[in-house]
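Each residue of the sequence shown is one higher than the one before, counting from 125 in the working numbering.
A virtual CB, placed ideally from N, CA and C, is assigned to each residue, including glycine.
Note that the structure is predicted; figures quoted are calculated from it, not measured.
Single-structure report; data block below.
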Amino acid sequence: MTVQDPDADLSPSNRRGTDRKKLIIDVRFDGGDGTGIANTRDIGIGGLYMTTTAILDQGTPILMTLSIGERTMSINGTVVYSDPGHGVGVRFKNIDAGDEDFLRTELDLQ
């Protein structure tokens, strides 16, 4: 008997546990084999999608620094979706409660 991942047939957007908003902001990241600067395509309290040509495999831990307004946040995450040469989906990991509240308010998410 084969155990199937219930999320295996879902597109990346359907695997999200939280809503996201389209917002383009700069992200500095450190993960995989290097560092870089990317832009978000969308962001929510649970994660983000960022456009980058860097190769970041699924499961890669990543540290991101991003600024929204006057607030700069350092957030750890894990790459959960990779489209090599285009971008990656990142799930936030252990996000600070203050940063989560800020994102919820700033992005107008429930």
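Secondary structure at Thr-164: strand, using DSSP grouped into helix, strand and coil.
By the criterion of a C-beta distance shorter than 8 Å, Asp-232 is surrounded in its chain by Lys-145, once the five residues flanking it on both sides are discounted. The three-state reading of DSSP puts Thr-229 in helix, counting H, G and I together. At a Cβ-Cβ threshold of 8 Å, Thr-189 and Arg-152 count as neighbours. Cβ contact annotation for Leu-172 (same chain, cutoff 7 Å, sequence separation greater than five): Thr-164, Asp-166, Val-214, in chain order. Ile-186 places its beta carbon 8 Å or farther from that of Glu-224. The continuous stretches of beta strand (DSSP E) do not include Gly-183, and DSSP gives it neither H nor E. Annotated three-state conformation of Asp-220 is coil, per DSSP.
Cβ contact annotation for Phe-226 (same chain, cutoff 8 Å, sequence separation greater than five): Ile-192, Arg-195, Met-197, in chain order. Thr-177: not part of any beta strand (DSSP E); DSSP gives it neither H nor E. Taking 8 Å as the cut-off, the beta carbon of Gly-209 is found closer than this to the beta carbon of Thr-177.
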